[in-house]
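Below you'll find the structure, written out as structure tokens, and then a few comments.
There are 2 protein chains.
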Amino acid sequence: MEDADAIDRRPIVRQSLHDAVVSRLRDMIIEGVLAPGTRIHEGNLGRELGVSRTPLREALKFLASEGLIELVPTRGAVVRRFSPKDVRDGLAVLGTLEALAGRLACENAGADDLARIRLLHDEMMRLYAARDRLPYFKLNQEIHAAILRSGGNEALSYVHGILQARLKRIRYIGNDSPEKWAGAVADHEAIIAALEARDADALARTLEAHMAATWERVRDAI
Amino acid sequence: MEDADAIDRRPIVRQSLHDAVVSRLRDMIIEGVLAPGTRIHEGNLGRELGVSRTPLREALKFLASEGLIELVPTRGAVVRRFSPKDVRDGLAVLGTLEALAGRLACENAGADDLARIRLLHDEMMRLYAARDRLPYFKLNQEIHAAILRSGGNEALSYVHGILQARLKRIRYIGNDSPEKWAGAVADHEAIIAALEARDADALARTLEAHMAATWERVRDAI
DNA sequence: ATCGTGCACGCTGCATGCAGCATTCTTGAT
DNA sequence: ATCAAGAATGCTGCATGCAGCGTGCACGAT
Numbered sequence: 022m023e024d025a026d027a028i029d030r031r032p033i034v035r036q037s038l039h040d041a042v043v044s045r046l047r048d049m050i051i052e053g054v055l056a057p058g059t060r061i062h063e064g065n066l067g068r069e070l071g072v073s074r075t076p077l078r079e080a081l082k083f084l085a086s087e088g089l090i091e092l093v094p095t096r097g098a099v100v101r102r103f104s105p106k107d108v109r110d111g112l113a114v115l116g117t118l119e120a121l122a123g124r125l126a127c128e129n130a131g132a133d134d135l136a137r138i139r140l141l142h143d144e145m146m147r148l149y150a151a152r153d154r155l156p157y158f159k160l161n162q163e164i165h166a167a168i169l170r171s172g173g174n175e176a177l178s179y180v181h182g183i184l185q186a187r188l189k190r191i192r193y194i195g196n197d198s199p200e201k202w203a204g205a206v207a208d209h210e211a212i213i214a215a216l217e218a219r220d221a222d223a224l225a226r227t228l229e230a231h232m233a234a235t236w237e238r239v240r241d242a243i
Numbered sequence: 022m023e024d025a026d027a028i029d030r031r032p033i034v035r036q037s038l039h040d041a042v043v044s045r046l047r048d049m050i051i052e053g054v055l056a057p058g059t060r061i062h063e064g065n066l067g068r069e070l071g072v073s074r075t076p077l078r079e080a081l082k083f084l085a086s087e088g089l090i091e092l093v094p095t096r097g098a099v100v101r102r103f104s105p106k107d108v109r110d111g112l113a114v115l116g117t118l119e120a121l122a123g124r125l126a127c128e129n130a131g132a133d134d135l136a137r138i139r140l141l142h143d144e145m146m147r148l149y150a151a152r153d154r155l156p157y158f159k160l161n162q163e164i165h166a167a168i169l170r171s172g173g174n175e176a177l178s179y180v181h182g183i184l185q186a187r188l189k190r191i192r193y194i195g196n197d198s199p200e201k202w203a204g205a206v207a208d209h210e211a212i213i214a215a216l217e218a219r220d221a222d223a224l225a226r227t228l229e230a231h232m233a234a235t236w237e238r239v240r241d242a243i
């Protein structure tokens, strides 16, 4: 039995350096600071990040497992390039995963989950009205992640997150024309409606269509 | 044009030590040599594998990204435990992924792919008749992987492979009763029939049902 | 001038060294 | 005997050292 009024024993969240470096590198890749095809120089990049080669190398292995980086023997790490086919295939899988997540969400999401997603949605619409593109984009990602989480399947969230990370950059590039953006917004209205109605079939269909449309929106940008 | 009688130019496949250690560790975890919950001692394990701590640590990070290992700050690496819910959720995702793969396979698989899968299937049935359990199990995995590959979606194969690795051990434990085994075999007859008929809907349905049945077969073993 | 060869540099891959923290054993006090 | 405090041990996390390989450049031969 735990002592009720014991002092706070939570670990000092010295977020491990490993996690910090992984996150940082992932962001650098997604944001394009490290462009696809870039060969990573361990010495320079380590110096830039303020860590030695060892933890940097460990972070690179981690990201290689996620598929964001390729390890070429005797040549080190290279930022992975995604071909149009890679993107299309990835979006197809994401569509299927989100469709499943939508079904689970209709079944398992609590009222609080729905309320939170509604808030995110409304805020995102406000950002759309203001044409505030980057925050819109981030909130968009958050909404999808929230739907995933509310389904309550951790393995699903995990694989979704990996594919999501791979395609994040490309999807951001995609929404550049006003019509495409309006189309994506319309999709989202349908999504939130189906979710709040807990109409699993409609939500699954809508999410999958949203991904298919995403491909149409980005295909020329690649 | 290649010179016909040129000397063998294949690269000397000095498989990188990293890959070797990763594969080796993955096998040890799947086979249960490293049991779930085991805390990994870098010094000992490294000595046992004949590598120093550095490449071992890098391999551990790689596997942590796959979810086979957890990294606990200041305590190192621990072999991940999967709860019954983890297994159930993972199988649900696998079912959806295989259903998609089945559709893609019906659409994209070449005649040679189908022929190869048929060969694997027949060989597996031979092993079933002989009740040769471990080879049966391995061939079973191969068949599913072959269906995945024949769909031609690399992202799909990738995420499937990760979840597959997580659950491999548990699925092996599952098929221990004769009735369960017979049920799995029956599933596979339906799978190959639908595939050869290129009946996408039927194949998708069958594969998903196969996964649901897998859960029923293993749920008591966990 | 062009092609081939050898040398030098730079980078990766791995081993080892070292500091810091957690855990456990020991010792002393109650 | 029990418990607390301190010391010692052992492990992780990170830095650095070193060998081997790949690459590019210079020099020489044709």
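Protein chains in written order, with our numbering: chain A, 22 to 243; chain B, 22 to 243. Backbone N, C-alpha and C fix where the C-beta goes; we use that ideal spot for every residue, glycine too. As the structure is a prediction and not an experimental result, all values here were calculated from the model.
Exercise. Opposite A:E91 in the DSSP bridges: which residues?
Worked result: A:E91 pairs with A:V99.
For this session: Determine the direct distance from the alpha carbon of A:R187 to that of A:D107, and round the result to whole angstroms.
Result: C-alpha separation (whole angstroms): 10 Å.
For this session: Assuming A:T117 contacts B:T235 (C-beta within less than 8 Å), just tell me the rounded distance between them.
Result: About 19 Å separates the two Cβ atoms, so there is no contact after all.
For this session: Starting from A:N174, find everything on chain B with Cβ-Cβ shorter than 8 Å and list it in chain order.
Result: Correct list: D110, A113, V114.
Exercise. Name the chain B residues that come within less than 9 Å of A:G97, Cβ to Cβ?
Worked result: For A:G97, no chain B residue has a C-beta closer than 9 Å to its own C-beta; the minimum C-beta separation is roughly 11 Å.
Exercise. Contact check, A:E91 vs A:R78 under 8 Å by CB: the rounded distance?
Worked result: Contact doesn't hold; Cβ gap of about 14 Å is too wide.
Problem set entry | Three or more C-beta pairs below 8 Å linking the stretch 51 to 62 of chain A and the stretch 142 to 155 of chain B | Counting Cβ pairs under 8 Å, fewer than three are found: no touch.
Problem set entry | CB-CB length for B:G248 against B:L125, believed under 8 Å | Lying before the first or after the last residue shown, residue 248 of chain B is absent from chain B, which here runs from 22 to 243.
Problem set entry | Residue ranges of each alpha helix (DSSP H) within the stretch 148 to 203 of chain A, 4 or longer | Listed in chain order, they are 154 to 172, 175 to 195.
For this session: Can you tell me which of A:L81, A:R190, A:N174 puts its alpha carbon nearest to the alpha carbon of A:N129?
Result: For the residues A:L81, A:R190, A:N174, the minimum Cα distance to A:N129 belongs to A:N174.
For this session: Output the distance between the C-alpha atoms of B:R96 and A:D220, rounded to the nearest integer angstrom.
Result: Taking the Cα positions, B:R96 is about 46 Å away from A:D220.
Exercise. Looking at B:V100 and B:I51, is the spacing between their C-beta atoms short of 8 Å?
Worked result: No. Outside cutoff.
For this session: For my contact list, A:I213 and A:R139 are in at a C-beta cut-off of 8 Å; report their separation, rounded to the angstrom.
Result: Their Cβ separation, rounded to whole angstroms, is 7 Å, which keeps A:I213 and A:R139 in contact under 8 Å.
Problem set entry | Pick from B:L115, B:Y179, B:Q162 that is closest to A:A176, judged by C-alpha positions | Checked all of B:L115, B:Y179, B:Q162; the closest Cα to A:A176 is B:L115.
For this session: Check the Cβ-Cβ distances between B:A85 and every residue of chain A, and say whether any is below 8 Å.
Result: Closer than 8 Å to some Cβ of chain A, the Cβ of B:A85 qualifies, so yes.
For this session: Check B:R137 in the structure and name its three-state DSSP category.
Result: In this structure, B:R137 counts as helix in the three-state DSSP scheme.
For this session: Starting from the N-terminal side, write out each stretch of the alpha helix (DSSP H) that is 4 residues or longer and does not extend beyond the stretch 43 to 128 of chain B.
Result: Within the stretch 43 to 128 of chain B, the complete alpha helix (DSSP H) runs of at least 4 residues are 63 to 70, 74 to 87.
For this session: Helix, strand or coil for B:R238, going by three-state DSSP, please let me know.
Result: DSSP places B:R238 in helix when its eight states are reduced to three.
Exercise. When the Cα atoms are used, what is the spatial distance from B:A218 to A:D48?
Worked result: Their Cα atoms are separated by approximately 46 Å.
Exercise. Which residues, in order along the stretch 68 to 83 of chain B, keep a beta-carbon less than 8 Å from a beta-carbon of chain A?
Worked result: Against chain A - using a Cβ distance shorter than 8 Å - the residues of the stretch 68 to 83 of chain B are T75, R78, E79, A80, K82, F83.
Exercise. Roughly how many angstroms lie between the CA atoms of B:P32 and A:I191, to the nearest whole one?
Worked result: With a pLDDT of 44 at B:P32, under the threshold of 50, the modelled position of this residue cannot be trusted; read the value that follows with caution. Distance between the alpha carbons of B:P32 and A:I191 is about 34 Å.
For this session: For chain A, find out if any of its Cβ atoms is closer than 8 Å to the Cβ of B:P94; answer yes or no.
Result: Yes, its Cβ sits closer than 8 Å to a Cβ of chain A.
Problem set entry | Cβ neighbours of B:D29 in the same chain (closer than 8 Å, five flanking residues each side left out) | Because B:D29 carries a pLDDT of 46, less than 50, the predicted location of this residue cannot be relied on, and the following value inherits that uncertainty. Once the five neighbours on either side are set aside, B:D29 has no close Cβ partner at all.
Problem set entry | Nearest residue (CA-CA) to B:C127, options B:A225, B:A113, B:D241 | Ranked by how close their Cα comes to the Cα of B:C127, the residues B:A225, B:A113, B:D241 have B:A225 in first place.
Exercise. What is the DSSP secondary structure of A:D248, reduced to helix, strand or coil?
Worked result: Residue numbering for chain A in the displayed model covers 22 to 243; residue 248 of chain A lies beyond these limits and cannot be assessed.
Exercise. Straight-line CA distance for A:V93 to A:D133?
Worked result: Cα-Cα distance, rounded: 47 Å.
Exercise. Hey, is B:I183's beta-carbon within less than 8 Å of any beta-carbon in chain A?
Worked result: Under the 8 Å criterion on CB atoms, B:I183 is classed as interfacial with respect to chain A.
Exercise. Among residues of its own chain, excluding the 5 on either side of B:I164, which ones have a beta-carbon nearer than 7 Å to its beta-carbon?
Worked result: Around B:I164: I138, L141, H142, M145.
Problem set entry | Supposed close pair B:A122, B:H181 - CB separation, criterion 8 Å | Cβ-Cβ separation between B:A122 and B:H181: approximately 7 Å, consistent with a contact (criterion under 8 Å).
Exercise. Sorry if obvious, but does the Cβ on B:N129 come closer than 7 Å to a heavy atom of the ligand FMN?
Worked result: Absence of the ligand FMN from the depicted structure is noted, as is the absence of any ligand whatsoever, leaving it without description.
Problem set entry | Three-way DSSP call (helix, strand, coil) for B:A211 in this model | It is helical.
Problem set entry | Backbone secondary structure at A:A130 - three-state DSSP | Note: A:A130 maps to coil in three-state DSSP.
Exercise. CA-CA distance, B:A41 and B:R154?
Worked result: Going from the Cα of B:A41 to the Cα of B:R154 covers about 27 Å.
Exercise. Where does A:S178 land, buried or exposed, given buried means 16+ other C-beta within 10 angstroms?
Worked result: Burial of A:S178 is indicated by the presence of at least 16 other C-beta atoms within 10 angstroms of its C-beta.
Exercise. Between the stretch 186 to 216 of chain B and chain A, which residues of the former have a C-beta closer than 7 Å to a C-beta of the latter?
Worked result: Answer set for the stretch 186 to 216 of chain B: empty.
Problem set entry | Reference A:A151; option with closest CA among A:A166, A:A203, A:I183 | Between A:A151 and the set A:A166, A:A203, A:I183, the nearest pair of CA atoms involves A:A203.
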